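Asker:
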Amino acid sequence: MMPDALKIHLCDIQGRLFELSLKMGFASETFINVFMRSRCAEDYDMIHHKLQWMGESYLMEEVIDECTGKLVVGEQYSKEEMYWIGYAYRYWHFLTGENSKAISKQVPAKVMRNGYEGFHTEDISLAIEDLKQVAKLGNR
4 MMPDALKIHL CDIQGRLFEL SLKMGFASET FINVFMRSRC AEDYDMIHHK
54 LQWMGESYLM EEVIDECTGK LVVGEQYSKE EMYWIGYAYR YWHFLTGENS
104 KAISKQVPAK VMRNGYEGFH TEDISLAIED LKQVAKLGNR
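Residue 31 in my numbering sits at position 28 of the sequence shown, with consecutive numbering throughout.
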């Protein structure tokens, strides 16, 4: 089932959060994997939580507070890759009901980045199905 307008807005916020990590200088792969397995992401997965109403800057403050010492400076993905990865992960959550931690364990940041070139122009629901297939093939 396609997410409603509010859920699409939350996908956009997560995409912008991932973009914001670039301005902060964080290594993209580390940021993505740390965020997706954080309490902040767990809270963002909830049906209603205050983090969903605060925007990406406030959300980044919460991530930094929670994950101090885990976020490092390093290689960064492109702005387009980061936005798409953040958006796709959140959309995946709404599409399947899976939590952020489970999603990122299935398809970690590196796999998402590798899939970006081929999947970012697809309908997001189809891209998620393709990413699930990539993950299954990689786990054999």
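From the three backbone atoms N, C-alpha and C, an ideal C-beta is built for every residue, glycine too.
What you are looking at is a predicted structure, and each value in this text was computed from that prediction instead of being measured.
DSSP beta-bridge partners for M76?
Answerer: As a first step, residue 76 must be located in the sequence shown, where it is residue number 73. The question names Met, but residue 76 is Val in the sequence shown. For V76, which the question treats as bridged, DSSP gives the partners F29.
Asker: In angstroms with no decimal places, state the Cα-to-Cα distance between Q109 and E32.
Answerer: Here residue 109 is taken as the residue at index 106 of the sequence shown, counted from 1. Here residue 32 is taken as the residue at index 29 of the sequence shown, counted from 1. Straight-line Cα distance between these residues: approximately 15 Å.
Asker: Just confirm the distance between the C-beta atoms of I88 and F21, as a whole number of angstroms; I'd bet it's less than 8 Å.
Answerer: By one-based count along the sequence shown, residue 88 stands at place 85. By one-based count along the sequence shown, residue 21 stands at place 18. That belief holds up - the Cβ atoms of I88 and F21 are roughly 6 Å apart, short of 8 Å.
Asker: Applying the 10 Å Cβ sphere with the 16-neighbour rule, what's the burial state of I50?
Answerer: In the sequence shown, the residue the question calls residue 50 occupies position 47. By the 10 Å Cβ count, I50 comes out exposed.
Asker: So, at 8 Å on beta carbons, what are the nonlocal neighbours of M63 in its own chain, with the 5 sequence-adjacent residues on each side left out?
Answerer: To locate residue 63, count along the sequence shown from 1; it is residue 60. Excluding sequence neighbours, M63 sits near L20, L23, S24, M27.
Asker: Helix, strand or coil: which one does DSSP assign to N117?
Answerer: Position 114 of the sequence shown, counted from the first residue, corresponds to residue 117. Here N117 sits in helix by DSSP.
Asker: Along the alpha helix (DSSP H) that carries G141, what are the first and last residues, could you check?
Answerer: The sequence position of residue 141 within the sequence shown is 138, counting from 1. It spans 127 to 141 - the alpha helix (DSSP H) in which G141 sits, taken as one unbroken run.
Asker: How far does the alpha helix (DSSP H) with H96 in it reach, from first residue to last?
Answerer: Indexing the sequence shown from 1 puts residue 96 at position 93. 82 to 99 is the extent of the alpha helix (DSSP H) around H96.
Asker: Excluding five sequence neighbours on each side, which residues of the same chain lie with their C-beta closer than 7 Å to the C-beta of S41?
Answerer: Here residue 41 refers to the residue found at position 38 of the sequence shown. For S41, where only same-chain residues beyond five positions count, the Cβ hits under 7 Å are V66, E69, C70.
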